[in-house]
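Chains as they are written, first to last, in the working numbering: chain C, 311 to 660; chain G, 311 to 660. All C-beta atoms, glycine included, are put in the ideal place defined by N, C-alpha and C. Notes for the one structure printed next.
There are 2 protein chains.
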Amino acid sequence: MNTQFSPRVWPALFVALATLCSPLCSVLALAEMPSATEVLPSWNDGPAKRAIVDFVKATTDKSNPDFVPPEERIATFDQDGTLWVEHPMYSQVIYCLDRVPALVKAKPELANVEPFKTVLSGNREAMAKLSTHDLEKILFATLTGMTVDTFNAEAKKWTEEAKDSRWKRPYTELTYQPMQEVLSYLRANDFKTYIVTGGGQDFVRVYSVPPEQVVGSAGSTKYSYDQQGKPILTKEPKLLLNDNDAGKPEGIHLMIGRRPIAAFGNSTGDEQMLEYTGAGHGLRLKVLVLHDDAEREYAYGPAQGLPDTKVGAFTQDLYDEAKKDGWVVISMKKDWKCIFGFDSAAQCNK
Amino acid sequence: MNTQFSPRVWPALFVALATLCSPLCSVLALAEMPSATEVLPSWNDGPAKRAIVDFVKATTDKSNPDFVPPEERIATFDQDGTLWVEHPMYSQVIYCLDRVPALVKAKPELANVEPFKTVLSGNREAMAKLSTHDLEKILFATLTGMTVDTFNAEAKKWTEEAKDSRWKRPYTELTYQPMQEVLSYLRANDFKTYIVTGGGQDFVRVYSVPPEQVVGSAGSTKYSYDQQGKPILTKEPKLLLNDNDAGKPEGIHLMIGRRPIAAFGNSTGDEQMLEYTGAGHGLRLKVLVLHDDAEREYAYGPAQGLPDTKVGAFTQDLYDEAKKDGWVVISMKKDWKCIFGFDSAAQCNK
């Protein structure tokens, strides 16, 4: 019997069962209902789910030698590819490209200047060929030069209106339901959860609550006064923290000042964060998400023979380090019953 | 009747009263007992205490138009001179000077190099004449170059062992009892309290819990591996954030990402933090501590004719801005019944 039906479809199912089955059959159906208190309901039972649950049980049980006091229960999560979709391109890059027309409207002299001219043309093939240097120009032009308040308002509007091309939904809905369950499960067990992202700290803060628990690549701001004498903070084109690779543990120290006891990532940019987490005393949880589900999301590695990518690469070296050091590797295909909260209720075991 | 007796002396007092007084007298005594729920007990009733209490009542009462949801109740506190003593010199500078002998032991070639030679001599007059550049050399030499873990251990040991020359107590005990009561009062009302210090973030984190709620002047760290291949973070001599003056609102944005609704300081270095706090929508609390109590602590301004100082100056301009913009100025002499937690219980109304 399929046990993945949502509570919402149970009443109809019961009518059908009552008609077709003997009373014994109904009792069996009840016995297989997912428990209301089941943790991580959209996860299949398997080594990944067991590792997460075992870790939380051990670190929160006072009688366990691996018990960790609540104030030290810090868990860090990469954002792109770990909490939400990063393919075919990081959402923040799409935001920056989407901002170019408004930027050119404000500064018409940019219309014939590269790389803005190419972006305005809408030619996707040409845009895909933009160099890293071109992309940096676009990022600085669309993410700096305005006040913090103006940026927040613009980015918030975008997250509410823009939709991705595959699922036709706001990007904020493209978060992985099983990972949201992990976040909730940890918080319910007095963990303080942080997003530690290579993306822009201010950008991710716009849709992540609370903002003080977002560590990301951050530029400096400049304090001054507007024409009415009101204090303002302006975003400057100067990078303070590149929160990728070694920048992740460095950013964690800068912003949190404690070593995490659990860390979740999905790419080589998360390797040092997981190593740093693992190097502390006591039980530690290090987890990587492997995108091996081309049908329900995307498939890329290049670990395990998956297609190579420039966006969120998970190399075979990283896979080997994970296996050697006892890191958990989540197979999206095998470990997750569903991918998104908007998947059918039955898939997500709701 | 003196109502400043601590609950600890009440039993003895009752015996005395029962012997000397009529039953009516005992009832009167009870009526004048400080209530167990009295807030800010070591504050004298006056405009400063009333402003703090009124602000907390207004922002936490759902029926009040100035109500603020708990997640937005951010209060920031300067450290030196606002939460603890900063005269005759900032504690962190004393820490750095105290570290010089150990530094020279590890690097004997520094013994005859200035400014280390002067510090080693112990000649206080010569040390007082060290230039800012000399002091910077000492700060960089004693605060960087080691791993984060080594620094934390050294600084923690110092805070446990070192004693100030006037009160002969660990520096961490030189915190103002009335301000500790404000911190507790705010936290009890679901405020998240942050220290926002010009001092070193890592240094202040050593004795401030939780470390993730300390924003301070911060240097970069460098992630690498030790000889055993274990990940380490090393403190680098590169300043990322000078958390003074305009650096305070900039640091608040970097580390917290929300504008405070209440801010406490004591010097010109806090001016921009208070302005930035005040520039948000809705009710805001801006508070400055004026050190006008030479007898119980120190007296310095130069506002209001107090002696001038290079350590935590409170200028007349700042005083005038405070009065003009409705900021609260705390007079240590008039507003505080006691200064420290180790003052007599009666003084502190305990």
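Residue pairing from DSSP places T544/G in a beta bridge opposite T457/G, K532/G.
A straight-line Cα-Cα distance of about 17 Å links H443/G and L430/G.
Under the three-state reduction of DSSP output, H601/C falls in the strand class.
Cβ proximity to chain C below 7 Å picks out nothing from the region 466–493 of chain G. When DSSP states are grouped into helix, strand and coil, F650/G belongs to the strand group.
Interface annotation for the region 538–561 of chain G against chain C: K540, P541, L543, L550, A556, P559, E560, criterion Cβ-Cβ distance under 7 Å. Taking a beta-carbon distance threshold of 9 Å, Y610/C does not count as an interface residue toward chain G.
Per the DSSP secondary-structure output, I505/G pairs in a beta bridge with F387/G, V524/G. Within the region 564–589 of chain C, contact with chain G at the beta-carbon level (separation under 7 Å) is assigned to L564, M565, I566, G567, R568, Q582, E585, Y586, A589. CA-to-CA, the gap between Y586/C and G508/C works out to about 16 Å. For a Cβ distance threshold of 9 Å, residue set P559, E560, H563, L564 of chain C lies close to T531/G, ordered along the chain. Rounded to whole angstroms, the separation of the alpha carbons of M583/G and A498/C is 34 Å. Nearest CB-CB separation between V597/C and chain G: not below the 9 Å threshold.
Less than 9 Å divides the Cβ of T452/G from the Cβ of V410/G. In the three-state reduction of the DSSP assignment, T485/C falls in the strand class, which pools E and B. Within chain C, the residues I566, G567, R568 have their CB atoms less than 9 Å from the CB of P521/G, given in chain order. Proximity of A528/C to chain G, defined by a Cβ-Cβ separation below 9 Å, is satisfied. Membership of I640/G in the beta strand (DSSP E) is indicated by the continuous run 638–641.
Of T469/G, K634/G, Y610/G, G510/G, the smallest CA-CA separation from T625/G is found for Y610/G. Counting every other CB atom within 10 Å of its CB across the protein chains shown gives D355/C a total below 16, marking it as exposed. 9 Å or more divides the Cβ of L543/G from the Cβ of G529/G. Taking C-beta atoms as the reference points, V395/C and D474/C count as a pair closer than 9 Å. Counting only runs that start and end inside the region 545–596 of chain G, the beta strand (DSSP E) elements of at least 3 residues fall at 572–575. Collapsing the DSSP output to three states places Y610/C in a strand. Residue T386/G holds the alpha-carbon nearest to the alpha-carbon of G567/G among F365/G, T386/G, V363/G. DSSP places P375/G in the coil class of the three-state scheme, outside both helix and strand.
Separation of the CB atoms of L593/G and D376/G is rounded to 4 Å, and the pair is thereby assigned contact status at 8 Å. Using a CB distance cut-off of 9 Å, V524/C counts as an interface residue toward chain G. In the same chain as P559/C, and ignoring 5 residues on each side of it, the C-beta atoms closer than 7 Å to its own belong to Q582, M583, Y586, in chain order. At a Cβ-Cβ threshold of 9 Å, S527/C and Q538/C do not count as neighbours. Residue pairing by DSSP places W353/C opposite W646/C in a beta bridge. A check of alpha carbon separations from P541/C across Y533/G, S534/G, G557/G, D536/G identifies G557/G as the nearest. Scanning E631/C, K439/C, L493/C for the CA closest to the CA of G588/C turns up E631/C.
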